[in-house]
Amino acid sequence: MKVTLEGSRFETYDPYPEWVIGSKHENKRIDFGDDGYLVLLDNKVVMHWSGGVPITVTRPVNGKLGIQSVEDLPDYVRVTKNKINVRPSLYSRVQFYKTKIVIHRYFNGWEYFFFDFQSPLANHGFFDTLRFVFLDKRLDPKMSNLSLAWNEFLYNGLWLHKEVYVALFQTIFMAVLGTLIAAVFGLPMAFMAAYNVTPFGSVRFVLRRLFDALRGIDMLIWSLIFIRAFGMGPFSGILAIGVTDTGTLGKLMSESIENIDKKEMEGVKSTGANSLQQNRFGILPQILPIFISQTLYYLESNTRGAVVVGAMGAGGIGLQFLGSLQTGKDWENVAYISLVVLVTVVVIDILSAKARRKLIG
Numbered sequence: 000m001k002v003t004l005e006g007s008r009f010e011t012y013d014p015y016p017e018w019v020i021g022s023k024h025e026n027k028r029i030d031f032g033d034d035g036y037l038v039l040l041d042n043k044v045v046m047h048w049s050g051g052v053p054i055t056v057t058r059p060v061n062g063k064l065g066i067q068s069v070e071d072l073p074d075y076v077r078v079t080k081n082k083i084n085v086r087p088s089l090y091s092r093v094q095f096y097k098t099k100i101v102i103h104r105y106f107n108g109w110e111y112f113f114f115d116f117q118s119p120l121a122n123h124g125f126f127d128t129l130r131f132v133f134l135d136k137r138l139d140p141k142m143s144n145l146s147l148a149w150n151e152f153l154y155n156g157l158w159l160h161k162e163v164y165v166a167l168f169q170t171i172f173m174a175v176l177g178t179l180i181a182a183v184f185g186l187p188m189a190f191m192a193a194y195n196v197t198p199f200g201s202v203r204f205v206l207r208r209l210f211d212a213l214r215g216i217d218m219l220i221w222s223l224i225f226i227r228a229f230g231m232g233p234f235s236g237i238l239a240i241g242v243t244d245t246g247t248l249g250k251l252m253s254e255s256i257e258n259i260d261k262k263e264m265e266g267v268k269s270t271g272a273n274s275l276q277q278n279r280f281g282i283l284p285q286i287l288p289i290f291i292s293q294t295l296y297y298l299e300s301n302t303r304g305a306v307v308v309g310a311m312g313a314g315g316i317g318l319q320f321l322g323s324l325q326t327g328k329d330w331e332n333v334a335y336i337s338l339v340v341l342v343t344v345v346v347i348d349i350l351s352a353k354a355r356r357k358l359i360g
């Protein structure tokens, strides 16, 4: 019999965990706590579930599983031609196949979240780790306990913390750089698209239609286009975000420029300022708070968008999320990545709100 961590068949318990009673060459009892227990015998398995009568499943005879119990089986027992599935609670499950028996025992929490099987700190929880870092003697003479704990945490083979945080950095980098590109190109294009700045109607028409095209095509479509053109990676995601938001910011800011207070513009003009100075001192101070606010808002939005774009092939934490989701087994990793993304978005939202208050008032 082999006892492994679900989803990681190479992570084998040796010796057996405390809820498996019996040595490798003896009949074994699997304890499910309040749910009951089962006994593994040579030719059968006897299950004793809380509040029920014993259920016995015999080894396959002529390719057919045998089950012995009361006439009416409990609702948690499902019998098919090739499989018997027993699920008395969320924490216990037994599956009988023709060639093997798979027993699941579930616990609350994320097993081995901090350190994996191979780590010398494998059985340390959060508070155990704090005590080890600050109070215990050095486990490895070549490094401090803090360095050892941090290294073992990052290189956890089950939870892949280092890969997750590197991917998170890529996602944030895509969002920041994509938003920056949109701001750098969108603002000057907005001036050229405003009727009170650019007297040439043909230029305004072309730029406004360009804004419509850039923002009219969804960011996901742009990401697919750039992935096809430049290959998978953050560069494609940055371009997708930058192109989409250039159209959006350009449209918003051109309308803001057209709705400025003309008296300030006329006041600057009366001093003998040229066109460039009029735009710099008469228009820019009026629209700058709106521009900063909109840019920070799109930075928040693009952090979420970069996750989805990454899942399309642009890399980052979105690709990590999709990889965990596709296995159909690593739901703990899916929840972990979702929580990391949620915390990141909340932190960026708080920081951008503080930046808006400080810069705009």
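Numbering (numbering that gives the first Met the number 0), first residue to last: 0 to 360. Where a beta carbon is used, it is the ideal one built from N, C-alpha and C, also for glycine. Being a predicted model, the structure only gives us computed values, none of them experimental.
Start-to-end residues for the beta strand (DSSP E) that takes in residue i
i	result
residue 304	Per DSSP, residue 304 belongs to no beta strand (DSSP E); it is in the alpha helix (DSSP H), 283-308.
residue 95	91-95
residue 65	63-67
residue 216	Taken as a continuous stretch (DSSP letters only), residue 216 belongs to no beta strand (DSSP E), as it is neither H nor E.
residue 77	76-78
Residue of the options minimising C-alpha distance to residue i
i	options	result
residue 159	351, 331, 288 and 16	331
residue 30	90, 65, 64 and 144	90
residue 19	39, 33 and 276	39
residue 143	128, 156, 157 and 155	128
residue 166	317, 352, 36 and 101	317
residue 103	180, 237 and 32	32
residue 225	311, 266 and 304	311
residue 205	174, 250 and 177	250
residue 48	28, 63 and 98	28
residue 181	286, 118, 293 and 308	293
residue 174	15, 333, 25 and 309	309
residue 300	347, 277, 278 and 281	347
Residue i - DSSP class collapsed to helix/strand/coil
i	result
residue 122	coil
residue 50	coil
residue 187	helix
residue 207	helix
residue 353	helix
residue 143	coil
residue 102	strand
residue 366	The chain is shown from 0 up to 360; residue 366 falls before or after that span and cannot be answered.
residue 196	coil
residue 233	helix
residue 343	helix
residue 332	helix
residue 57	strand
residue 320	helix
residue 131	helix
residue 280	helix
residue 178	helix
residue 259	coil
residue 150	helix
residue 15	coil
Supposed close pair residue i, residue j - CB separation, criterion 8 angstroms
i	j	result
residue 86	residue 96	Not confirmed; about 15 angstroms, so no contact.
residue 335	residue 257	At roughly 48 angstroms, the Cβ-Cβ gap does not stay under 8 angstroms, so residue 335 and residue 257 are not in contact.
residue 53	residue 45	6 angstroms
residue 243	residue 218	4 angstroms
residue 306	residue 314	Going by Cβ atoms, the distance from residue 306 to residue 314 rounds to 11 angstroms, so no, they are not a contact pair.
residue 189	residue 253	4 angstroms
residue 83	residue 101	Not a contact, Cβ separation roughly 11 angstroms.
residue 171	residue 270	No, residue 171 and residue 270 are not in contact; Cβ-Cβ is about 44 angstroms, not under 8 angstroms.
residue 284	residue 359	In fact, because the Cβ distance is near 12 angstroms, the residues do not count as touching under 8 angstroms.
residue 185	residue 248	4 angstroms
residue 114	residue 162	No, residue 114 and residue 162 are not in contact; Cβ-Cβ is about 16 angstroms, not under 8 angstroms.
For residue i, the residue or residues it bridges with in DSSP
i	result
residue 315	Bridge partners of residue 315: none, in fact.
residue 36	30 and 47
residue 227	Residue 227 is not bridged to any residue.
residue 84	77 and 94
residue 20	28
Heavy atom of the ligand FMN within 7 angstroms of residue i beta-carbon
i	result
residue 119	Ligands are entirely absent from the displayed structure, and the ligand FMN is therefore not among its contents.
Element boundaries [alpha helix (DSSP H), containing residue i]
i	result
residue 156	That residue, residue 156, is in no alpha helix (DSSP H); it is neither H nor E in DSSP.
residue 110	Here residue 110 belongs to no alpha helix (DSSP H), and DSSP marks it neither H nor E.
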